[in-house]
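**Q** Mind having a look at this structure? Questions to follow.
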Amino acid sequence: MTTKIDVDKMQNVFIYAASRTPRAAGQNSGPLQEIKPIQLLDSSIQAVLKAQPTAADYIGDLFLGCMTPVGEQGGNIARAAALYAGLPYQVAGTQINRFCASGLEALQMAAAKIELGWEQLVLAGGLESMNRVPELSDGGAMIYDPLVRAAVNFVPPSLSADLLANLQGFSRQELDEYSFEMHQRALKSQAAKWLRHNAALVYDQNGLPILEKNECLRHGLKAEDMAQFAPILSEKEAKNLDIMALMRYPSLEYLEHLHTPASAAQLADGSAMALIGNAQIGEQLGLKARAKILSAKVVAVDPTLSCTAGLEAVKQLLAQTGLNKNDIELWEKVELFAAVGLHFTQALDIPLDQYNIFGSDIAWGYAAGAMGGIALANLLDGLEKEDKQLGCIAISARAGLGAALLVERV
1 MTTKIDVDKM QNVFIYAASR TPRAAGQNSG PLQEIKPIQL LDSSIQAVLK AQPTAADYIG
61 DLFLGCMTPV GEQGGNIARA AALYAGLPYQ VAGTQINRFC ASGLEALQMA AAKIELGWEQ
121 LVLAGGLESM NRVPELSDGG AMIYDPLVRA AVNFVPPSLS ADLLANLQGF SRQELDEYSF
181 EMHQRALKSQ AAKWLRHNAA LVYDQNGLPI LEKNECLRHG LKAEDMAQFA PILSEKEAKN
241 LDIMALMRYP SLEYLEHLHT PASAAQLADG SAMALIGNAQ IGEQLGLKAR AKILSAKVVA
301 VDPTLSCTAG LEAVKQLLAQ TGLNKNDIEL WEKVELFAAV GLHFTQALDI PLDQYNIFGS
361 DIAWGYAAGA MGGIALANLL DGLEKEDKQL GCIAISARAG LGAALLVERV
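Structure follows, in structure tokens:
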């Protein structure tokens with residue numbers, strides 16, 4: 001017997017709340033060293049529940065993206081977090097790993113279940129505590145097995161970004177100028193408190209706020225400072241990786257390493273969460289929707305150029321929806337490296353006043369698994385601040401993975 005899905009009964013998917021913690025340095029430093037991942041995640045959950053206090057008893061599941069689901073972030077921390085937050089036992093919890101796109105994938109999975117009518121109200125977001133659970137500590141064949149790495153053309157994101165910069169002919173000066181603009185936007189946004197609306201403060205064991213604002217910003221950075229930073233990858237360190245990249249792209253004679261700590265995002269700790277549901281539950285509980293999820297896409301490209309996957313996801317999303325890139329009024333592109341943003345905006349011919357208006361992750365910091373949820377909270381703030389309707393999120397992730405999400409303000 002074949003059961004058909006009645007498309008006329010598909011549910012609209014609304015975002016009723018979104019929160020994200022400030023970000024802090026995630027490499028054995030910063031104020032979050034002593035904060036456990038489950039506590040960091042709880043900050044975002046509690047902020048959402050505070051925003052919509054009637055929702056808790058009706059939540060059916062919690063979808064959580066996390067890039068390094070081991071140690072204190074392992075063991076299905078989504079279920080543990082639901083219980084730790086005091087949510088009803090009915091909130092199941094599942095953990096998702098699509099590398100840096102994990103948080104956005106959690107939102108997409110949640111939206112799909114709402115749309116199909118399988119759930120009426122869920123939580124979805126992401127987490128990364130790089131202080132407590134170091135990047136790559138979950139291992140894996142692509143990371144630690146040289147034979148597998150070579151067979152699948154896997155290179156680290158920093159090399160992929162340098163490769164893209166070389167292929168596109170970007171100069172070090174262009175990358176520095178672009179990055180400096182993103183740093184300036186972020187500093188201006190923090191000073192103006194434009195992102196306070198969705199902020200989830202992080203508290204210590206005594207209930208005192210330990211993180212009230214982003215700690216990753218480079219205060220006092222001047223344009224002339226950008227040229228003083230050394231490249232992240234040296235020729236000696238990247239020699240074997242360079243060979244692999246050049247074999248894949250023989251049009252290049254050599255690979256110049258152009259990204260520096262000032263044109264790349266520093267690793268950070270952070271979490272984000274959203275409350276997503278259908279129209280009926282919103283009416284029943286008196287929830288005010290902030291936006292509607294219209295469509296989503298996940299793609300995969302050559303792992304050697306993984307940093308282009310977000311662009312490909314957007315192209316396929318636009319084709320899927322029949323929209324033109326000019327229909328999108330605001331863009332929130334998760335950026336780990338300057339070449340990624342520069343290539344994205346040039347390829348789509350996006351006006352910079354519609355793109356990452358609060359600055360990018362190059363300035364704010366990069367909490368891998370949480371980035372999708374953080375980008376959503378930023379986009380909602382941006383749409384409301386600029387009085388715009390249609391926005392798009394895009395992420396490039398390791399191993400050639402990419403994702404995009406289309407959102408309409410209501």
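Taken in order, the sequence shown gives residues 1 to 410; the numbers are from UniProt numbering.
Even glycine gets a Cβ: it sits at the ideal position worked out from N, Cα and C.
Bear in mind the structure is a predicted one, so any value in this text is a computation, not a measurement.
How big is the Cα-Cα spacing for L379 and P209?
**A** Translated into positions along the sequence shown, residue 379 becomes position 379. Translated into positions along the sequence shown, residue 209 becomes position 209. If you take the alpha carbons of L379 and P209, they lie about 25 Å apart.
**Q** Would you mind sorting T68 into buried or exposed? The rule is 16 or more other CB atoms within 10 Å of its CB.
**A** Stepping through the sequence shown from its first residue, residue 68 is reached at position 68. So T68 counts as buried.
**Q** Three Cβ pairs or more, each shorter than 8 Å: is that satisfied between the stretch 55 to 63 and the stretch 76 to 95?
**A** They touch, by the three-pair rule.
**Q** Within 10 angstroms of its Cβ, does S137 collect 16 or more other Cβ (buried), or is it exposed?
**A** Taking the first residue of the sequence shown as 1, we reach residue 137 at position 137. It is exposed - the Cβ of S137 has fewer than 16 other Cβ atoms within 10 Å.
**Q** Under 6 Å Cβ to Cβ from K213, same chain only, skipping five residues before and after it: list those, please.
**A** Within the sequence shown, numbered from 1, the residue matching residue 213 stands at position 213. Excluding residues within five positions, the ones whose Cβ falls inside 6 Å are P22.
**Q** Determine, using beta carbons only, whether K385 and L348 come nearer to each other than 7 Å.
**A** By 1-based counting over the sequence shown, the position of residue 385 is 385. By 1-based counting over the sequence shown, the position of residue 348 is 348. The answer is no: Cβ separation not under 7 Å.
**Q** Suppose only complete runs of 3+ residues qualify. What are the beta strand (DSSP E) ranges in the stretch 190 to 256, listed by chain order?
**A** Segments of the beta strand (DSSP E) lying fully in the stretch 190 to 256: 209 to 211.
**Q** Quickly, what does DSSP pair D61 with across the bridge? List them, please.
**A** For this step, residue 61 is matched to residue 61 along the sequence shown. The partner list for D61 (beta bridge, DSSP) reads V122.
**Q** Is A106 near the ligand FMN, with its Cβ less than 6 Å from a heavy atom?
**A** In the structure on display, the ligand FMN does not appear, and there are no ligands present to speak of.
**Q** Determine the extent of the beta strand (DSSP E) in which residue 413 is found, giving its start and end residues.
**A** No answer is possible for residue 413: the residues shown for the chain start at 1 and end at 410.
**Q** Alpha carbons only, please: which of K388, L32, P250, G270 is nearest the one belonging to L330?
**A** Here the question's residue 330 lines up with position 330 in the sequence shown. Closest by alpha carbon: K388.
**Q** With DSSP as the reference, label V407 as helix, strand or coil.
**A** Position 407 of the sequence shown, counting from 1, holds the residue named residue 407. Looking at V407 - three-state DSSP - the assignment turns out to be strand.
**Q** Would you give the residue range spanned by the beta strand (DSSP E) that A274 belongs to?
**A** For the purposes of this step, residue 274 is identified with residue 274 of the sequence shown, where counting begins at 1. Here the beta strand (DSSP E) through A274 covers 268 to 277.
**Q** Can you check which of these residues, R398, Q120, G126, is closest to G140 by C-alpha distance?
**A** In the sequence shown, residue 140 corresponds to position 140, counting from 1. Comparing Cα positions, the closest option is R398.
**Q** Reducing DSSP to helix, strand and coil, say where R98 ends up.
**A** Position 98 of the sequence shown, counting from 1, holds the residue named residue 98. Strand.
**Q** Taking the beta carbon of A106 as the centre, do at least 16 other beta carbons fall within 10 Å, making it buried, or is it exposed?
**A** By 1-based counting over the sequence shown, the position of residue 106 is 106. Per the 10 Å Cβ criterion, buried.
**Q** I'd like to know whether the C-beta atoms of G369 and G65 end up nearer to each other than 7 Å.
**A** Here residue 369 refers to the residue found at position 369 when the sequence shown is read from its first residue. Here residue 65 refers to the residue found at position 65 when the sequence shown is read from its first residue. Yes, they are a contact pair.
**Q** With a threshold of 8 Å, are at least 3 pairs of Cβ atoms found where one atom belongs to the stretch 162 to 173 and the other to the stretch 9 to 19?
**A** No, they do not touch.
**Q** Can the beta-carbon of G373 be found closer than 7 Å to that of G125?
**A** By one-based count along the sequence shown, residue 373 stands at place 373. By one-based count along the sequence shown, residue 125 stands at place 125. Cβ atoms of G373 and G125: closer than 7 Å.
**Q** Would you call the CB atoms of K292 and F99 closer than 7 Å?
**A** The sequence position of residue 292 within the sequence shown is 292, counting from 1. The sequence position of residue 99 within the sequence shown is 99, counting from 1. No.
**Q** Going by other Cβ atoms of all chains shown within 10 Å of its Cβ, with 16 needed for buried, is A199 buried or exposed?
**A** If you number the sequence shown from 1, residue 199 lands on position 199. A199 is buried by the Cβ-count criterion.
**Q** Would DSSP call A367 helix, strand or coil?
**A** Residue mapping note: residue 367 aligns to position 367 of the sequence shown, counting from 1. In the structure shown, A367 sits in coil (DSSP, three-state: anything other than H, G, I, E or B).
**Q** Rounding to the nearest angstrom, what Cα-Cα distance links M182 and K222 in this structure?
**A** To locate residue 182, count along the sequence shown from 1; it is residue 182. To locate residue 222, count along the sequence shown from 1; it is residue 222. M182 and K222: Cα-Cα distance of roughly 12 Å.
**Q** With DSSP collapsed to three states, give me the class of G402.
**A** By one-based count along the sequence shown, residue 402 stands at place 402. Strand at G402.
**Q** With DSSP collapsed to three states, give me the class of G75.
**A** As a working note, residue 75 is residue 75 in the sequence shown. If DSSP states are grouped into helix, strand and coil, G75 belongs with coil.
**Q** Quick check on S251: buried or exposed, where buried means 16 or more other Cβ atoms within 10 Å of its Cβ?
**A** Here residue 251 corresponds to residue number 251 of the sequence shown, with the count starting at 1. Flag for S251 reads exposed.
**Q** For E174, which three-state DSSP category applies?
**A** As a first step, residue 174 must be located in the sequence shown, where it is residue number 174. It is helical.
**Q** In chain order, what residues of the same chain have a beta carbon less than 8 Å from the beta carbon of V410, not counting five sequence neighbours either side?
**A** For the purposes of this step, residue 410 is taken as residue 410 along the sequence shown, with counting starting at 1. Closer than 8 Å at the Cβ level, and outside the excluded window around V410, lie F14, A289, R290, A291, K292.
**Q** Sorted by chain position, which residues of the same chain lie with C-beta nearer than 8 Å to R185's C-beta, five sequence neighbours on each side aside?
**A** Sequence index remark: in the sequence shown, residue 185 carries index 185 (1-based). N356, I357, F358, G359, S360, A363.
**Q** Going by Cα to Cα distance, which pick from I328, I395, L405, P156 is closest to K309?
**A** Residue numbering aside, residue 309 sits at position 309 when the sequence shown is read from its first letter. Note on residue identity: the sequence assigns Ala, not Lys, to residue 309. Of the listed residues, the one whose Cα sits closest to A309 is I395.
**Q** Is it a yes or a no for the stretch 72 to 80 touching the stretch 151 to 159, going by three-plus beta-carbon pairs under 8 Å?
**A** Touching, no.
**Q** Is E135 helix, strand or coil when you go by DSSP?
**A** The residue given as residue 135 occupies position 135 in the sequence shown. DSSP places E135 in coil when its eight states are reduced to three.
**Q** Please return the same chain residues whose Cβ sits closer than 6 Å to the Cβ of L233, not counting the five positions on each side in sequence.
**A** Locating residue 233 in the sequence shown gives position 233, counting from the first residue. These residues qualify, in order along the chain: S158, H257.
**Q** Less than 7 Å separating the beta-carbons of G400 and S306?
**A** For the purposes of this step, residue 400 is taken as residue 400 along the sequence shown, with counting starting at 1. For the purposes of this step, residue 306 is taken as residue 306 along the sequence shown, with counting starting at 1. Yes, the Cβ-Cβ distance between G400 and S306 is below 7 Å.
**Q** Out of L87, Q316, G282, which has the shortest C-alpha to C-alpha gap to K297?
**A** Taking the first residue of the sequence shown as position 1, residue 297 is located at position 297. Considering only alpha carbons, the answer is Q316.
**Q** Tell me whether the beta-carbon of A272 lies closer than 7 Å to the beta-carbon of A377.
**A** As a working note, residue 272 is residue 272 in the sequence shown. As a working note, residue 377 is residue 377 in the sequence shown. The answer is yes: Cβ separation under 7 Å.
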